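Worksheet for the structure shown next.
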Amino acid sequence: MAEKPPSNSFDLKRRQLLKFAGATAAVGGLGLHALPASAEGTARVRDSDDGVLDVAIIGAGMAGLTAARDLHNAGCQSFVVLEARNRVGGRVLNHDLGGGQISEAGGQWIGPGQTAVADLARELQIDTFPTYYQGKTVVLGGEGRLEVDLHGTFGTDERIGAKLSELSKVVPSGAPWTSSRVAELDKLSVGEWLARQGIKPEDRSGWDTSLTLTGGVPPARMGLLHFLSMINSASCDYMKLDSIKDSAQGTRFVGGSQLLCTRMAEALGDKLRLACPVREIADWDREVVRLVTDQGEVRARRVIVAIHPALCNQVRFQPALPEGRAALQRAWPAHSPARKTAMVYKRPFWRDKGLNGHTVEVKGQVLWAWDNSPPNGEIGVINAFIVNAMVPSEPAAAQRVLAQIYARSLGDEALNPIGYHDHDWGQADPWSITCVSAIPPGFWSQHGESLRPACGNLIWSGTETAEIWAGYMDGAVRSGHQGALQALASLRQA
Ligand SMILES: Cc1cc2nc3c(=O)[nH]c(=O)nc-3n(C[C@H](O)[C@H](O)[C@H](O)COP(=O)(O)OP(=O)(O)OC[C@H]3O[C@@H](n4cnc5c(N)ncnc54)[C@H](O)[C@@H]3O)c2cc1C
Numbered sequence: 001m002a003e004k005p006p007s008n009s010f011d012l013k014r015r016q017l018l019k020f021a022g023a024t025a026a027v028g029g030l031g032l033h034a035l036p037a038s039a040e041g042t043a044r045v046r047d048s049d050d051g052v053l054d055v056a057i058i059g060a061g062m063a064g065l066t067a068a069r070d071l072h073n074a075g076c077q078s079f080v081v082l083e084a085r086n087r088v089g090g091r092v093l094n095h096d097l098g099g100g101q102i103s104e105a106g107g108q109w110i111g112p113g114q115t116a117v118a119d120l121a122r123e124l125q126i127d128t129f130p131t132y133y134q135g136k137t138v139v140l141g142g143e144g145r146l147e148v149d150l151h152g153t154f155g156t157d158e159r160i161g162a163k164l165s166e167l168s169k170v171v172p173s174g175a176p177w178t179s180s181r182v183a184e185l186d187k188l189s190v191g192e193w194l195a196r197q198g199i200k201p202e203d204r205s206g207w208d209t210s211l212t213l214t215g216g217v218p219p220a221r222m223g224l225l226h227f228l229s230m231i232n233s234a235s236c237d238y239m240k241l242d243s244i245k246d247s248a249q250g251t252r253f254v255g256g257s258q259l260l261c262t263r264m265a266e267a268l269g270d271k272l273r274l275a276c277p278v279r280e281i282a283d284w285d286r287e288v289v290r291l292v293t294d295q296g297e298v299r300a301r302r303v304i305v306a307i308h309p310a311l312c313n314q315v316r317f318q319p320a321l322p323e324g325r326a327a328l329q330r331a332w333p334a335h336s337p338a339r340k341t342a343m344v345y346k347r348p349f350w351r352d353k354g355l356n357g358h359t360v361e362v363k364g365q366v367l368w369a370w371d372n373s374p375p376n377g378e379i380g381v382i383n384a385f386i387v388n389a390m391v392p393s394e395p396a397a398a399q400r401v402l403a404q405i406y407a408r409s410l411g412d413e414a415l416n417p418i419g420y421h422d423h424d425w426g427q428a429d430p431w432s433i434t435c436v437s438a439i440p441p442g443f444w445s446q447h448g449e450s451l452r453p454a455c456g457n458l459i460w461s462g463t464e465t466a467e468i469w470a471g472y473m474d475g476a477v478r479s480g481h482q483g484a485l486q487a488l489a490s491l492r493q494a
């Protein structure tokens, strides 16, 4: 039996980490390649007298920082993290609301089964609290307004959810292209499959909303095989993926999700280089890889590429990558238009009225708004995913439009916000062009095999490569662990 990893191991010692690494690899706990029997030697890092580092990590998102933390804990000192932006966190970002309060502009929730990110938070001494969902959700449609108690769900039909859960059992989350039913399932979009289920038109909007939130695109553009692989990650239980209570949207971090990244970064000192985009990766097929960055050249024996596959298209590879990998990067969907807003009030006034602060607008500007207030409700915050094309791009104008909508759903108090914040991930900068990956039908059959195999000394990491919870923060953490282990194991072999 594998020894249980220490749960409160903020100062995890090198020996413990390596032992844990070996054990988890052996039992497949993280879906990792097994380490050599004595992993101890991997921590004996070479000095970089020749100016060549053992490992360079590209990207200081949750994946890259987890990899860096693992290398550090394993005793490896010869590494660097190269981050394009002048901040860490990537797709997680705390927006400062003032007065010590924050609102998350990027990834924010975790849920059952997301044990890697939960363990990391525990080790970093970051607490969690439940998402607020008690009370009624308001559905707005045309002139109509309806209050419904969805009991912590998105209101999708349980019968259809159960069918999806059953189907997901044949679609392994880590390799959907190996499903025994791949030919049949990868032909269809989720929209096409739903159209065959006899769902009443009035019940279809709940599905459209929840799937657009989960996948970043309407069901017609999301592959059924991919969606089933996501449900497979959630213990083959659709409700654990696409709901609030006891689901992937059920839990938040006190202090916001970016705190995990800033805490990890604090320990890195000058091993972290910000504002240092990698423009070119040369000689990846040789012993020493050369990275051309805005701050000069970095040379390393192994490179952990902890960035989104579509963002790899912004990097020049010399020589060109193998065609399979290059084709996967070219075909990977990008530019998912995720715009997240935060409206701030003195207090969460809607709670007094039995409302949970959640609003769904059928075919309207607000895809989904929810109560994103801090744990004790000291202030009231309504966050929303909005339909970008229907809301003014200028923040002050967007604030006015949204305040009117919230006034209809929550009451006139909503007309007097004390703050507003808006983050459009497709526009903010070129380093997170997409939020979650809306994988279309046919993609995995064609490109799946090229997702993970290393190319020369390049190790692919980032949430998209995770064996479970790919696309989520939990997947990012898992992929970071995996990237560090792969790098250490292959250095040792060399
Ligand atoms: C609006 C939104 C909502 C989300 N909601 C949730 C949620 O509630 N729960 C959840 O689990 N997940 C959610 N996610 C997804 C989650 O945030 C991501 O899965 C996770 O943060 C990805 O981490 P990563 O390290 O793999 O990648 P990233 O966070 O993308 O990190 C990659 C890093 O690489 C850097 N980089 C890119 N190119 C280069 C280059 N050439 N050179 C150097 N650096 C480079 C980027 O700047 C970035 O910092 C959400 C994401 C968004 C945007």
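Just so you know, we're using full-length UniProt numbering here: the sequence shown kicks off at 1 and counts up by one. Idealized CB from N, CA, C, for every residue including glycine. Predicted model, so just to flag it, every value in this text is computed and none were measured.
VAL436 has its Cβ nearer than 7 angstroms to a heavy atom of ligand 1.
The Cβ neighbour count for ILE379, taken over all protein chains shown within 10 Å, is at least 16; the residue is labelled buried. Under the three-state reduction of DSSP output, VAL477 falls in the helix class. Minimum Cα-Cα distance from PRO112 among the listed residues ARG347, GLY51, GLY142, ARG252 corresponds to ARG252. HIS95: member of the beta strand (DSSP E) spanning 94-98, first to last residue.
With contacts defined by Cβ atoms closer than 8 angstroms, VAL138 and THR359 form a contacting pair. When the alpha-carbon of ARG85 is set against those of LEU188, LEU272, GLY174, ARG181, the nearest one is in LEU272.
Per DSSP, ASP203 lies in no beta strand (DSSP E); the unbroken alpha helix (DSSP H) holding it starts and ends at 201-215.
In the structure shown, ARG339 adopts extended strand secondary structure according to DSSP, grouped into three states. Secondary structure of GLU147 (DSSP, three-state): strand.
Scanning the stretch 393-437 for uninterrupted beta strand (DSSP E) segments of 3 residues or longer gives 419-424, listed from N- to C-terminal end. The Cβ-Cβ distance between VAL289 and VAL303 falls below 8 angstroms.
In this structure, SER450 lies near LEU328, with their beta-carbon atoms less than 8 angstroms apart. THR66 and GLU143 have their alpha carbons spaced roughly 48 angstroms apart. For secondary structure counted as the alpha helix (DSSP H) over 4 or more consecutive residues, the stretch 95-133 holds these complete runs in sequence order: 115-123. In the DSSP assignment, ALA56 falls within the beta strand (DSSP E) that extends over 52-58.
In the three-state scheme derived from DSSP, where H, G and I count as helix and E and B as strand, SER189 is classed as strand.
Not one heavy atom of ligand 1 is found less than 7 angstroms from the C-beta of GLU280.
DSSP places LEU260 within a helical segment (H, G or I) once states are collapsed to three. The three-state reading of DSSP puts HIS226 in helix, counting H, G and I together.
With a cut-off of 7 angstroms, the C-beta of HIS151 is classified as distant from ligand 1, since no heavy atom of the ligand falls inside that distance. For LYS163, the enclosing alpha helix (DSSP H) starts and ends at 158-168.
If the five residues before and after PHE227 are omitted, its C-beta is found closer than 7 angstroms to the C-beta atoms of VAL190, GLY215, all from its own chain and listed in chain order. Ranked by how close their Cα comes to the Cα of ILE433, the residues ALA334, LEU410, GLU184 have ALA334 in first place.
Rounded to the nearest angstrom, the Cβ distance from SER180 to ASN232 is 13 angstroms, too far for a contact under 8 angstroms. Proximity of the stretch 201-221 to the stretch 77-91 falls short of the contact definition, fewer than three beta-carbon pairs being nearer than 8 angstroms. Shortest gap from the CB of THR131 to any heavy atom of ligand 1: 7 angstroms or more. Taking the C-beta atoms as reference points, GLY483 is found no nearer than 8 angstroms to GLY59.
Taking the Cβ atoms as the reference, GLY256 lies roughly 17 angstroms from ALA338, outside the contact range of under 8 angstroms. Pairing LYS240 with ALA248, the inter-Cα distance amounts to about 6 angstroms.
In the DSSP annotation of this structure, the continuous segment of the alpha helix (DSSP H) that includes HIS447 starts and ends at 443-447.
Short of 8 angstroms from the beta carbon of GLY324, and not among the five residues preceding or following it, lie these beta carbons of its own chain, in chain order: HIS447, GLU449, SER450. Between ALA398 and TYR406, the beta carbon gap of about 12 angstroms keeps them out of contact (Cβ cut-off 8 angstroms). Burial of PHE385 is indicated by the presence of at least 16 other C-beta atoms within 10 angstroms of its C-beta. GLY64 and GLY364 have their C-alpha atoms spaced approximately 37 angstroms apart. The C-alpha of ALA267 is placed about 37 angstroms away from the C-alpha of TRP368.
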